[in-house]
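Visitor:
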Amino acid sequence: MDNIKQEDIKEVCFNISRNIILPKYQKLKKEDVKYKNGTELVTCVDIDVEKELKKNLLKIITHSNFIGEEEYSLNNNITNFYKEDAYCWTVDPIDGTTNFVNGRDKFAIMIALTFKNKILYSWIYKPLENLMCNAIYNDGAFINNNKIKTKTIDTLGKAIGSISSKYWDEYDLEKIKLLKKKFVEVKSYKCIGYEYVDIGEGKRNFAILSKLSPWDHIPGILFVRESGGSDIDFNNQKYDFTSKNKNLIVSNSKEFNSKILEKLGA
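Read left to right, the sequence shown gives residues 262 to 527 (our numbering).
And the structure:
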């Protein structure tokens, strides 16, 4: 798949940001915000952005499939597209919806292009900064077209990162509580796209994750891998968006993942 022009994707994200996202930033009305599935925030902006992304991305590759977070909330069978012999776009229209609703500054558009079980391209776009972070399979990770490499760390006691606070089973939760004390700082941005970019740049060192929805993780996983970082689950398996993943460790290196697994007793 060589006909993807990075400037085309950035233009799509820039226009959507300018026309849909930024006019509503810190200006949402009460009727603009609702709950889906009873617990998760969704705004009119999430829905409008996803529709516009779908329209534009499907023009770039004809006969491709599309999986969006908001469409999935209405029809969870769309993940069957991953099994088809076709290119598939996966989109989180606004990663960090809670931040967006509350007028905070960390939210992003997340896009990935896959074929079967391979992640080919990914994009994480930061609207407030007009910053595009993207990755190309076997070609590297980039921020505004500048290739980047992560920085490694060798001890848990110097590490900064995040740990999912929910969706752990009782057995894993006890281990997670003990592990948390080993790091110098554990704090979530409430926007996993930002965290993946910071792990790729070496500004943060790890994320330990549960409940792995594909739109939240496919884009960032490729970005971290292509920057030199690594991912592994508690069973020593790499992330596979075509399976039901219960947990994941993402960090600057395979060696650091191994140190975390060792402390977890996995």
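A virtual CB, placed ideally from N, CA and C, is assigned to each residue, including glycine.
Quick caveat: nothing in here was measured; it's all calculated off a predicted structure.
Less than 8 Å between C-beta atoms, sequence neighbours within five positions excluded: which residues of the same chain meet that for D293?
Guide: Taking the first residue of the sequence shown as 1, we reach residue 293 at position 32. Excluding positions up to five away in sequence, the list reads K285, T304, C305, V306.
Visitor: Taking DSSP's pairing of strands, which residues face E301 in a bridge?
Guide: Position 40 of the sequence shown, counted from the first residue, corresponds to residue 301. Answer is K297.
Visitor: Any idea which residues DSSP pairs Y348 with across the strands?
Guide: Residue 348 sits at position 87 when you count from the first residue of the sequence shown. Answer by DSSP bridge pairing, in chain order: F376.
Visitor: Could you pull the DSSP bridge partners for L470 from this structure?
Guide: The residue you call residue 470 lines up with position 209 of the sequence shown. L470 pairs with L509.
Visitor: Give the range of the beta strand (DSSP E) segment to which D492 is assigned.
Guide: As a first step, residue 492 must be located in the sequence shown, where it is residue number 231. 491-493 is the span of the beta strand (DSSP E), which, as asked, contains D492.
Visitor: Check whether the segment 305-321 touches the segment 447-463, counting contact only when three or more Cβ pairs, one atom from each stretch, lie closer than 8 Å.
Guide: No, the segment 305-321 does not touch the segment 447-463.
Visitor: Just to confirm my understanding: we take I414, look at its own chain, exclude 5 residues before and 5 after, and list those with CB closer than 7 Å. What are they?
Guide: Locating residue 414 in the sequence shown gives position 153, counting from the first residue. Counting only Cβ-Cβ distances below 7 Å, and skipping sequence neighbours, we find A420, N466, N513, F517.
Visitor: What does the Cβ neighbour count give for D353, buried or exposed, with the cut at 16 atoms within 10 Å?
Guide: The sequence position of residue 353 within the sequence shown is 92, counting from 1. The residue in question, D353, is buried, as its Cβ has 16 or more Cβ neighbours within 10 Å.
Visitor: Give a yes or no on whether the C-beta atoms belonging to L234 and I460 are separated by under 8 Å.
Guide: Here the chain comprises residues numbered 262 to 527, so residue 234 is not present and cannot be evaluated.
Visitor: Helix, strand or coil for W476, going by three-state DSSP, please let me know.
Guide: Translated into the one-based positions of the sequence shown, residue 476 becomes position 215. Correct three-state label for W476: helix.
Visitor: Residues in its own chain within less than 6 Å of K427 by CB, not counting five upstream and five downstream?
Guide: Here the question's residue 427 lines up with position 166 in the sequence shown. Excluding residues within five positions, none has a Cβ falling inside 6 Å.
Visitor: State the beta-bridge partners of F327 as determined by DSSP.
Guide: Residue numbering aside, residue 327 sits at position 66 when the sequence shown is read from its first letter. Paired residue(s): W350.
Visitor: Given a cut-off of 8 Å, decide if W350 and N326 are closer than it, judged by their beta-carbon atoms.
Guide: Here residue 326 refers to the residue found at position 65 when the sequence shown is read from its first residue. Here residue 350 refers to the residue found at position 89 when the sequence shown is read from its first residue. Cβ atoms of N326 and W350: closer than 8 Å.
Visitor: Please look up how many angstroms separate the CB atoms of S257 and V447, rounded, as I've assumed it's under 8 Å.
Guide: Coverage of the chain is limited to positions 262 through 527, which leaves residue 257 absent and any answer about it impossible.
Visitor: Go through its chain and collect everything with a Cβ distance to L536's Cβ below 7 Å, but skip five positions before and after it.
Guide: Not covered by the structure: residue 536. The range shown for the chain is 262 to 527.
Visitor: Taking the beta strand (DSSP E) that K408 belongs to, which residues open and close that run?
Guide: Against the sequence shown, residue 408 aligns to sequence position 147. 407-409 is the span of the beta strand (DSSP E), which, as asked, contains K408.
Visitor: Alpha carbon to alpha carbon, how far is M371 from G299? Give it in angstroms, no decimals.
Guide: Sequence index remark: in the sequence shown, residue 299 carries index 38 (1-based). Sequence index remark: in the sequence shown, residue 371 carries index 110 (1-based). Straight-line Cα distance between these residues: approximately 24 Å.
Visitor: Can you tell me which of the three DSSP states I414 falls into?
Guide: The residue given as residue 414 occupies position 153 in the sequence shown. I414 falls in the coil class under three-state DSSP.
Visitor: Can you pull the DSSP bridge partners for E446?
Guide: As a first step, residue 446 must be located in the sequence shown, where it is residue number 185. In the DSSP output, where bridge partners are listed per residue, E446 has I421.
Visitor: Report yes if the CB atom of S425 is closer than 8 Å to the CB atom of I469, and no otherwise.
Guide: Here residue 425 refers to the residue found at position 164 of the sequence shown. Here residue 469 refers to the residue found at position 208 of the sequence shown. Cβ atoms of S425 and I469: closer than 8 Å.
Visitor: Can you pull the DSSP bridge partners for S383?
Guide: As a first step, residue 383 must be located in the sequence shown, where it is residue number 122. According to DSSP, which records beta bridges pairwise, S383 is partnered with A373, A396.
Visitor: If you follow the beta strand (DSSP E) that I265 is part of, which residue opens it and which one closes it?
Guide: The residue given as residue 265 occupies position 4 in the sequence shown. Looking at the DSSP string, I265 is not in any beta strand (DSSP E), and its letter there is neither H nor E.
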